[in-house]
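Peer 1:
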Amino acid sequence: MRPSSTRCSPCGRRLAISARVHKRPTASHSAQSLEQSRLQLVPGGGVNGRRPRVIIVGAGFAGLTVAKRLAKAPVDITLIDRENHHLFQPLLYQVATAGLSPADIAWPIRGLVRHQRNTSVLLGAVTGVDRVRKRVIMRDRNIAYDVLVLATAATHGYFGNDSWAAHAPGLKAIDDATEIRRRLLLAFERAEMESDARERERLLTIVIVGGGPTGVEMAGAVVELARKALAADFRAIDPQQTRVLLVEAGPRLLPSFPEPLSCHAEQALRRLGVEVRLKQEVTRCVATGVTLGDENVCAGTVIWAAGVAASPAADWLAVAGDRCGRVLVGPDLRPPGMDHVFVIGDTALAHDVAGKPLPAIAPVAKQQGAYVAAVIQARLTGKAEPAPFRYRDRGLLATVGRKTAVIAFGRLRMKGWLAWWIWGIAHIYFLISLRNRLIVMTQWLWSCVSFERGARLITGLRAIREPDRLGRRDDDDAPPPPLPHPIPTPA
Ligand SMILES: Cc1cc2nc3c(=O)[nH]c(=O)nc-3n(C[C@H](O)[C@H](O)[C@H](O)COP(=O)(O)OP(=O)(O)OC[C@H]3O[C@@H](n4cnc5c(N)ncnc54)[C@H](O)[C@@H]3O)c2cc1C
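For what it's worth, the working numbering labels the leading residue of the sequence shown as 27, then goes sequentially.
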């Protein structure tokens, strides 16, 4: 298996999340006008005498942008998400390494669209789409749409080895981050009480699989957690002896960045004490560690940052996905032949003008969301639709620990502490609320001077100790029960 970040993994980190849509009449507009009439959205916003129903599945960067941009449009929007919060994934690794709390980087979706009178929010997972009857299928209901926007992103991919997921959690949602935090902190607690030296060594070994931005950022944060934040807190073990391995199947870290920046990131990680293993593939992953080629590495914690698999949107639409399951869309962000369905964000496989696949990053998702909203607006008002979607590159950023970062923006290359400050300011700027910006800024400043990690909570222990009392077990990942208040299916 190649746990390489080049295989269906986020290509890089771009943060300047601007979402301008440029209008440019093109020859394809006449074809689009035909589709527009097929969509039956007439100027003034009616479909057979009522307001068009827009269903957006996924309130991440892409879906939320669509909803926000249509705040004043004469449409009825239903925003469906299986979580009740919108998440700023770029800082998720800091929750996993106890630097930030979940609420610092997540916001209730209802609160975000509170003032949008045309928008309802549903908490629940979509399980399919009935394209013939134009309905979105959920477990306990189905809901009719006139326009459907699928923005359900991706999940972890284990290159066909799904059994590895239990031993090597990936990082995608708040629950993943708190699970990784739990495993990391518990490993130190267990090591403190362990009398067997080999087992103690195993518990103090952490393997991170995947040398893309998530793996690099995780490795820097994990080694700092162990060697700085926890250094003085234990008596029987020395957390400074913690071994952190970053494993990448490709020849270099951060493959989407220019090579000199990859080298800088690698050197910076090595200086922090991370063992960087390049050109090494994980061939086996079990509860006690991983196998890299011929070498068994015993580890207390394994973190998966290597592969990504798209949501099952391709199955729902009965179209062929690419090898990661992403839905191929045209420059209008619709799958071929589907007039009423847009697929955007990490779920979609879209290309730039040169035919290169667009990376799975936040600015792409946000710009695509803005584009789809502009298309829907244009159809409502009968104006010319925007020109085909074109991604405006906003540069690549990744941080290595708290002292250095790398930035590639056009021909500009930056590394070192100035890049780190730009990285930090950009991340704070793109957090949603002032409250969160202030909290994150204060936490970072405090941890810069004190090296403390404020969110070192091990949650979920009660579920291990008292499974019966809580009616669940630690490994119980059964789907939640249906929501108690069924919402009537619109006619
Ligand atoms: C750890 C990590 C770090 C990252 N760091 C960066 C970074 O620094 N810079 C950057 O630009 N990009 C970064 N990315 C990538 C970026 O976060 C994604 O490209 C972006 O979130 C994609 O937006 P999206 O709207 O497609 O998906 P998401 O933001 O993931 O949103 C998808 C939404 O769909 C919901 N959903 C999924 N399935 C269903 C279903 N069946 N029914 C209902 N709802 C569903 C999910 O709950 C979620 O809310 C990072 C990603 C990760 C995982």
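Glycine included, C-beta positions come from ideal geometry on N, C-alpha and C.
Where Val83 and Trp133 are concerned, what is the direct C-alpha to C-alpha distance, given to the nearest angstrom?
Peer 2: Within the sequence shown, numbered from 1, the residue matching residue 83 stands at position 57. Within the sequence shown, numbered from 1, the residue matching residue 133 stands at position 107. Spanning the two alpha carbons is a distance of roughly 17 Å.
Peer 1: Taking 8 Å as the line, does the beta carbon of Ile445 fall inside it for any heavy atom of ligand 1?
Peer 2: As a first step, residue 445 must be located in the sequence shown, where it is residue number 419. Per the sequence shown, the amino acid found at residue 445 is Ala instead of Ile. No; taking the cut-off as 8 Å, the Cβ of Ala445 has no heavy atom of ligand 1 nearer than that.
Peer 1: Less than 7 Å between C-beta atoms, sequence neighbours within five positions excluded: which residues of the same chain meet that for Glu243?
Peer 2: As a first step, residue 243 must be located in the sequence shown, where it is residue number 217. Cβ contact annotation for Glu243 (same chain, cutoff 7 Å, sequence separation greater than five): Tyr119, Ala424 and Thr425, in chain order.
Peer 1: Beta-carbon separation of Arg269 and Glu218 under 9 Å?
Peer 2: Residue 269 sits at position 243 when you count from the first residue of the sequence shown. Residue 218 sits at position 192 when you count from the first residue of the sequence shown. Glu218 is positioned such that its CB atom lies no closer than 9 Å to that of Arg269.
Peer 1: What residue range does the beta strand (DSSP E) around Leu318 cover?
Peer 2: In the sequence shown, residue 318 corresponds to position 292, counting from 1. Residues Gly315 to Leu318.
Peer 1: Between Ala340 and the rest of its own chain, which residues show a CB-CB distance below 6 Å, the 5 nearest in sequence each way excluded?
Peer 2: Sequence index remark: in the sequence shown, residue 340 carries index 314 (1-based). Same-chain partners within the cutoff: Gly347, Gly351 and Val353.
Peer 1: Given the structure, does Val233 come close to ligand 1, in the sense that its CB is under 8 Å from one of the ligand's heavy atoms?
Peer 2: As a first step, residue 233 must be located in the sequence shown, where it is residue number 207. Distances between the C-beta of Val233 and the heavy atoms of ligand 1 are all 8 Å or more.
Peer 1: Return the first residue and the last residue of the alpha helix (DSSP H) that Thr204 is part of.
Peer 2: As a first step, residue 204 is located in the sequence shown; it is residue number 178 there, counting from the start. Its alpha helix (DSSP H) spans residues Ile200 to Met219.
Peer 1: So, using beta-carbon positions, are Gly326 and Ile232 closer together than 9 Å?
Peer 2: The sequence position of residue 326 within the sequence shown is 300, counting from 1. The sequence position of residue 232 within the sequence shown is 206, counting from 1. Yes, the pair counts as a contact, with Cβ atoms nearer than the cut-off.
Peer 1: Would the beta-carbon of Pro239 be found less than 8 Å away from any heavy atom of ligand 1?
Peer 2: Position 213 of the sequence shown, counted from the first residue, corresponds to residue 239. Checking the Cβ of Pro239 against ligand 1 gives yes.
Peer 1: Cβ of Thr204 within 9 Å of Cβ of Ala122?
Peer 2: Within the sequence shown, numbered from 1, the residue matching residue 204 stands at position 178. Within the sequence shown, numbered from 1, the residue matching residue 122 stands at position 96. Yes, Cβ-Cβ distance for Thr204 and Ala122 is below 9 Å.
Peer 1: Shortest alpha-carbon distance to Asp365 belongs to which of Val248, Val355, Ile387 and Gly246?
Peer 2: Here residue 365 refers to the residue found at position 339 of the sequence shown. When each option's Cα is compared against that of Asp365, the closest is Val355.
Peer 1: Let me know the secondary structure DSSP gives Cys350 once reduced to three states.
Peer 2: On the sequence shown, residue 350 is found 324 positions in, with the first residue counted as 1. It is coil, neither helix nor strand.
Peer 1: Per DSSP, what kind of secondary structure is Phe283 in: helix, strand or coil?
Peer 2: For the purposes of this step, residue 283 is identified with residue 257 of the sequence shown, where counting begins at 1. In the structure shown, Phe283 sits in coil (DSSP, three-state: anything other than H, G, I, E or B).
Peer 1: Is Gln394 helix, strand or coil when you go by DSSP?
Peer 2: The residue labelled residue 394 in the question sits at position 368 within the sequence shown. Helix.
Peer 1: Along the chain, which unbroken stretches of the alpha helix (DSSP H) at least 4 residues long are found entirely within the stretch 442-474?
Peer 2: 443-456
Peer 1: Rounded to the nearest angstrom, what separates Ser56 and Pro414 at their Cα positions?
Peer 2: By 1-based counting over the sequence shown, the position of residue 56 is 30. By 1-based counting over the sequence shown, the position of residue 414 is 388. Caution is warranted here: a pLDDT of 37 is assigned to Ser56, below 50, making its placement in the model unreliable, and the coordinate value is therefore given only provisionally. In a straight line, the C-alpha of Ser56 is about 13 Å away from that of Pro414.
Peer 1: Roughly how many angstroms lie between the CA atoms of Ile163 and Leu384, to the nearest whole one?
Peer 2: Taking the first residue of the sequence shown as 1, we reach residue 163 at position 137. Taking the first residue of the sequence shown as 1, we reach residue 384 at position 358. In a straight line, the C-alpha of Ile163 is about 29 Å away from that of Leu384.
Peer 1: Kindly indicate which residue of Arg228, Gln267, Ala404 and Gly395 has the alpha-carbon position closest to the one of Asn322.
Peer 2: Translated into the one-based positions of the sequence shown, residue 322 becomes position 296. For the options Arg228, Gln267, Ala404 and Gly395, the alpha carbon positioned closest to that of Asn322 is the one of Arg228.
Peer 1: Below 8 Å on the Cβ atoms is my contact criterion, and I expect Thr240 with Ala331 to pass it. Report the Cβ-Cβ distance as a whole number of Å.
Peer 2: Walking along the sequence shown from the start, residue 240 turns up at place 214. Walking along the sequence shown from the start, residue 331 turns up at place 305. About 4 Å; that satisfies the 8 Å criterion.
Peer 1: Using DSSP bridges, identify the partner residues of Asp102.
Peer 2: Start at 1 with the first residue of the sequence shown, and residue 102 comes out as number 76. Answer by DSSP bridge pairing, in chain order: Arg79.
Peer 1: Using a Cβ-based criterion (distance less than 8 Å to any ligand heavy atom), does Arg108 qualify as near ligand 1?
Peer 2: Taking the first residue of the sequence shown as position 1, residue 108 is located at position 82. Yes - ligand 1 has a heavy atom lying nearer than 8 Å to the Cβ of Arg108.
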